[in-house]
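Here is the structure we will look at.
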Amino acid sequence: MIWEKPHNFARMRQAMVKSQIEHRGLHDERVLEAMRKVPRELFVDEKDIDYAFHDGPLCIGCGQTISQPYIVAYMTEMLAIESTDRVLEIGTGSGYQTAVLAELASEVYTIEIVEALSLRARDLLREQGYSNIFFCAGDGSLGWPDKAPFDAIMVTAAPDRTPARLAEQLAEGGRMIVPVGRGEQYLELVTRKGASVERRTLIGVRFVPMTGEIQKGEP
Ligand code: SAH
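Add 128 to a position in the sequence shown, counting from 1, and you land on the number used in the numbering used here.
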């Protein structure tokens with residue numbers, strides 16, 4: 129009989145955080161703790177479970193991906209989320225990043241344009257006991273105006289340019305992180321200061337393109 133040693137996922141998550149995230153210089157203890165806690169192994173395809181803690185993105189079906197753990201941690205740390213914050217996420221995908229945000233914020237509003245992915249993430253996150261996540265299957269490129277303003281906006285699909293409609297939904301002092309560009313892509317950190325926004329270009333990345341209304345061009 130072949131006996132397979134069961135996975136010790138909690139230890140694998142701890143090792144992932146140490147080697148892929150802390151060693152690369154991220155130190156926000158709240159973010160690290162959320163990454164140790166959220167069961168990433170449940171958000172990947174069952175056939176890919178052995179690669180759940182791989183240092184890169186993985187396919188999740190419907191032509192979409194779950195982001196690399198380091199990028200999830202980096203983007204989350206840059207948003208400096210406080211426990212009273214209301215957060216908007218565009219691109220629910222697997223729901224993994226959503227869970228990390230829900231560990232840190234008071235409420236998370238998440239929009240996914242592929243309905244099958246939105247429903248799968250909703251079921252999984254409800255099963256995990258999250259009650260502070262609100263789901264929408266639809267086009268997130270226009271944000272969620274009824275629920276705005278948001279203290280933080282996490283965008284995990286790349287528009288060609290900084291999405292003005294989303295920036296308008298930031299509260300005073302609110303932060304948005306978004307991958308911008310076709311071909312070459314960079315993360316941008318956008319901070320609302322009164323009537324204007326401040327933009328900072330961060331690291332190079334590769335995300336799937338943002339689809340929906342935004343592809344027809346923004347004002
Ligand atoms: N954060 C996800 C990664 C998702 S990949 C995770 O950790 O798993 C990007 C996702 O953005 C894809 O699921 C894609 O379908 C979605 N997407 C692309 N354009 C969108 C739009 N306009 N509105 C909402 N979701 C969008």
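Beta carbons are placed, not taken as given, at the ideal position from N, Cα and C, and that holds for glycine. Bear in mind the structure is a predicted one, so any value in this text is a computation, not a measurement.
Specify whether the region 203-216 and the region 227-245 touch according to this definition: at least 3 beta carbon pairs, one from each stretch, less than 8 Å apart.
Taking 8 Å as the limit for Cβ pairs, the verdict is that the region 227-245 does touch the region 203-216.
Check whether the Cβ of ALA285 sits closer than 8 Å to any heavy atom of ligand 1, and report yes or no.
Checking the Cβ of ALA285 against ligand 1 gives yes.
By the three-class DSSP mapping on this structure, what secondary structure does SER324 have?
In the structure shown, SER324 sits in a strand (DSSP, three-state: E or B).
Under a Cβ-count criterion, where at least 16 other Cβ atoms within 10 Å of its own Cβ denotes burial, should GLY332 be classed as buried or exposed?
Looking at its Cβ environment, which holds fewer than 16 other Cβ atoms inside 10 Å, GLY332 is exposed.
Check each candidate in THR204, VAL166, GLN196, ALA180 and name the one with the smallest Cα separation from MET282.
Per the Cα distances, THR204.
CB of ASP176 to nearest heavy atom of ligand 1: below 8 Å?
Checking the Cβ of ASP176 against ligand 1 gives no.
Quick one: does the C-beta of PHE278 sit closer than 8 Å to a heavy atom of ligand 1?
PHE278: no, Cβ never under 8 Å from ligand 1.
Does the distance between the C-beta of LEU245 and the nearest non-hydrogen atom of ligand 1 fall short of 8 Å?
LEU245 Cβ: within cutoff of ligand 1.
Is LEU154 helix, strand or coil when you go by DSSP?
Reduced to three states, the DSSP call for LEU154 is coil.
Taking 8 Å as the line, does the beta carbon of ILE218 fall inside it for any heavy atom of ligand 1?
It does: the Cβ of ILE218 is within 8 Å (strictly closer) of some heavy atom of ligand 1.
When the Cα atoms are used, what is the spatial distance from MET163 to VAL228?
So the two alpha carbons sit approximately 7 Å from each other.
Based on DSSP bridge pairs, tell me the residues matched to THR329.
DSSP, once it has assigned bridges, lists GLU316 as partnering THR329.
Given this structure, state the Cα-to-Cα distance separating THR329 from LEU252, to the nearest angstrom.
So the alpha carbons of these two residues sit roughly 34 Å apart.
Please list, in chain order, all residues of the same chain as GLY219 whose beta carbon is under 6 Å from its beta carbon, the five residues on each side excluded.
Only THR284, ALA285 meet the Cβ criterion.
For ALA249, report the span of its alpha helix (DSSP H) as first-last.
243-255 is the extent of the alpha helix (DSSP H) around ALA249.
What is the DSSP secondary structure of ASP183, counted as helix, strand or coil?
ASP183 falls in the coil class under three-state DSSP.
How about SER195 and GLN225: are their beta carbons less than 9 Å apart?
Cβ atoms of SER195 and GLN225: closer than 9 Å.
CA-CA distance, ASP183 and ILE199?
The straight-line gap from Cα to Cα measures roughly 10 Å.
Three or more beta-carbon pairs under 8 Å between the region 263-281 and the region 297-314, yes or no?
Segments in contact, yes.
I need the straight-line Cα distance from THR92 to TYR258, nearest angstrom please.
Because the chain in this structure spans residues 129 to 347, residue 92 falls outside the shown range and cannot be described.
Rounded to whole angstroms, what's the CA-CA distance from PHE262 to LYS146? Just pull it up for me.
Approximately 31 Å, taken between the alpha carbons.
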